[in-house]
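Novice: Mapping to my numbering: the sequence shown position 189 is 190, numbers consecutive. All C-beta atoms, glycine included, are put in the ideal place defined by N, C-alpha and C. Have a look at this one before I ask anything.
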Amino acid sequence: MQVVYDSYIKNNQEAFNIIDIINQKKLKVQFQPIVSINQKRICGLEGLIRGINIKNNEIIEPEMLFYAAAEINLIIELDRVCREKVLEAFKDIYDKNKDMLLFLNIDASILEKVVGSEYLINQVKRQSINPGSIVIEINESKVKDTNALKRFIDTYRKLGFLIALDDVGAGFSNLDRIPVARPDIIKIDISLIRSIYDNYYKQEIFRSLNTLSNKIGALVIAEGVETEEEAIEVMELGGNMIQGYYFSKPISINNELPAFIHDRIEDLADNFKVHMDKAIKKDRQDEKRILSAINNTIKRLKSTPMAEFHRKLIERLKENENVECLYVLDEKGIQVSETICSYYGEDTNMFFQPAEIGTDHSMKKYYYYLHDAGLGKYLTEPYISLATGSLCVTFSKPFKNIENKKYILCMDFNIRTDSAK
């Protein structure tokens, strides 16, 4: 990438003079809306900057601008001019929308140099904007000095600014920075959002980050949402705030918020309701099918002595193509049958060994929720099978056999879905 930037600057050295761009403030401000689905409104705007080529008025991408500024040690000067232009453009919007948040990017490489300068707070005061309406976005992966990061955040949080960690989940972003930053907002990177509806691993990472954020009192924004499928999946996983081309590309805004976004919000809310209705119906059908399979299996085991469990389990496995394995526990959680599996083959994980007779399952949820909580049945959350890599659930239910002894039947079901890829 450096070679590309060097080549561009060399070929445009007369037109692309970063010093002139900074001095003349030849910058174009655009905003990308951030939408709250629950509130059905635009709740924030991220301020974005493009350079303007002085000779031919062509747009210069921000990466190119900051690369050129870094080459001659003008990063701080360019960063300050960018902030000034964004704050000026936001002023008219803010005056009509006092509850609107401005997401303001700070170049992470300069944090240690600007901690005590008060330059930003003075820029904000000149525009008469409440610091509580400004969200400072920091890409923590670019910060080398954790102590400088903490000092910067502590300084500006005391002044009333909100703090957002940007691009969380991208590259080598460090989760250990979260307790240092104690962010008000976590922005989940586009790399986790792209095609999230079709990738179970991304879904679970998003779900985990969303759960973490809720527990530490931070809001989550899904960045880079481009399609309705991505937006709906984010919402189903608990996300509420969305940013991306699905709603709008970065646009110039004077003092009126774009009306077309509100139409898109209403459409998404309606389509999400339809999606969830279908999902709930499917979940009920799946649970009914699973419950029928386990009840039919228990019906056979009830009339069978323990010594015959093995044969009956094999019969049931052959009759149910979605069952990955079956096994029986005694009332103490000790396995009393072999684990009967459908997946002994080349695709089986080499680390997988099916549980054997005598294995203690008493610490497993599918046992102690039945035994200790007194539930009549238990269905686990979906998980990736260690044996096959398939998306599975385990269903457990107690029964008494013909010998009047208490047992627990456990069945692992492959819930076939394109998400488990």
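1. Measure the alpha-carbon distance for Thr305 versus Gly225 and round it to whole angstroms.
2. Give the range of the beta strand (DSSP E) segment to which Val169 is assigned.
3. Less than 8 Å between the CB atoms is what I'm expecting for Gly334 and Asp361, so what's the real figure, rounded?
4. Taking Cβ positions, are Ala165 and Asp185 nearer each other than 8 Å?
5. Please give me, in chain order, every unbroken run of the alpha helix (DSSP H) with length at least 4 that falls completely inside the region 223-267.
6. Cutting at 8 Å between CB atoms, please list the residues of its own chain near Ala90, excluding the five before and the five after it.
7. For Ile135, which residues does DSSP report across the bridge?
8. What three-state label does DSSP hand Glu64 in the structure shown?
9. If you count every other CB in all the chains shown that lies within 10 Å of the CB of Glu138, and 16 or more means buried, which is it?
10. Would you tell me roughly how many angstroms separate the C-alpha atoms of Gly218 and Arg158, rounded to the nearest one?
11. Short check: CB of Ile222 to CB of Ile189, under 8 Å?
12. What residue from Glu64, Arg81 and Leu46 has the CA that sits closest to Ile23's CA?
13. With H, G and I counted as helix, E and B as strand and the rest as coil, what does DSSP make of Glu78?
14. Since Pro399 sits in a beta bridge, which residues does DSSP pair it with?
15. Buried or exposed: Ser338, going by 16 or more other Cβ atoms within 10 Å of its Cβ?
16. For my contact list, Leu103 and Ile60 are in at a C-beta cut-off of 8 Å; report their separation, rounded to the angstrom.
17. Report the three-state DSSP secondary structure of Ile217 (helix, strand or coil).
18. Can you give me the Cβ contacts of Asp413 inside the same chain, cut-off strictly under 6 Å, excluding the 5 residues immediately before and after it?
19. Considering Cα atoms alone, identify which of Leu160, Ser110 and Ile122 is closest to Glu141.
20. Per DSSP, what kind of secondary structure is Gln40 in: helix, strand or coil?
21. Among Ser343, Leu314, Gln286 and Asn321, which one has its Cα closest to the Cα of Val329?
22. Considering only residues of the same chain and omitting the five flanking positions on each side of Glu332, which have a CB-CB separation below 6 Å?
23. Per the contact definition of three or more C-beta pairs closer than 8 Å, is the region 277-284 in contact with the region 48-57?
24. Quick one: give me the first and last residue of the beta strand (DSSP E) that Ile187 is part of.
25. If Asn415 sits next to Asn323, beta carbons under 8 Å apart, how far is it from one beta carbon to the other, in whole angstroms?
26. Let me know the secondary structure DSSP gives Lys29 once reduced to three states.
27. Anyone know if the C-beta pair for Pro132 and Phe153 falls short of 8 Å?
28. May I ask which residues mark the beginning and end of the alpha helix (DSSP H) holding Val1?
29. If distances are taken between C-alpha atoms only, which option among Ile76, Cys44 and Leu238 comes closest to Glu205?
30. What residue range does the alpha helix (DSSP H) around Leu318 cover?
31. For Gln336, tell me which candidate among Ala270, Asp264 and Cys411 has the shortest Cα-Cα distance.
32. What do you get for Leu426, buried or exposed, if any count of 16 or more other CB atoms within 10 angstroms of its CB means buried?
33. Does DSSP put Val87 in a helix, in a strand, or in coil?
34. Please state whether the Cβ-Cβ distance between Pro63 and Ile262 is less than 8 Å.
35. In the DSSP output, which residue or residues are listed as bridge partners for Pro34?
36. Return the residue from the list Ala270, Asp284, Lys26 and Ser37 that minimises the CA-CA distance to Leu79.
Specialist: In this structure, then:
1. 57 Å
2. Leu163 to Val169
3. Confirmed, about 6 Å.
4. yes
5. 229-237
6. Val30, Phe32, Gly48 and Ile254
7. Leu103
8. helix
9. buried
10. 15 Å
11. yes
12. Arg81
13. helix
14. Ile409
15. With 16 or more other Cβ atoms within 10 Å, it is buried.
16. Rounded, the Cβ-Cβ distance is 22 Å, inconsistent with contact.
17. Coil.
18. Glu325, Cys326, Cys393 and Thr395
19. The shortest C-alpha to C-alpha distance from Glu141 to any of Leu160, Ser110 and Ile122 is the one to Ser110.
20. When DSSP states are grouped into helix, strand and coil, Gln40 belongs to the coil group.
21. Leu314
22. Contacts found: Lys407.
23. Pairwise C-beta distances place the region 48-57 out of contact with the region 277-284, as fewer than three of them are shorter than 8 Å.
24. Ile186 to Ile189
25. 5 Å
26. strand
27. no
28. There is no way to answer for residue 1, as the model of the chain reaches only from 2 to 422.
29. If you compare the alpha carbons of Ile76, Cys44 and Leu238 with that of Glu205, the shortest gap goes to Leu238.
30. Phe310 to Glu320
31. Of Ala270, Asp264 and Cys411, the residue nearest in Cα terms is Cys411.
32. Residue 426 lies beyond the residue range present for the chain, which begins at 2 and ends at 422; the question has no answer from this structure.
33. Val87: helix per DSSP, three-state reduction.
34. In this structure, Ile262 does not lie closer than 8 Å to Pro63 by Cβ.
35. Leu46, per the DSSP bridge assignment.
36. Lys26
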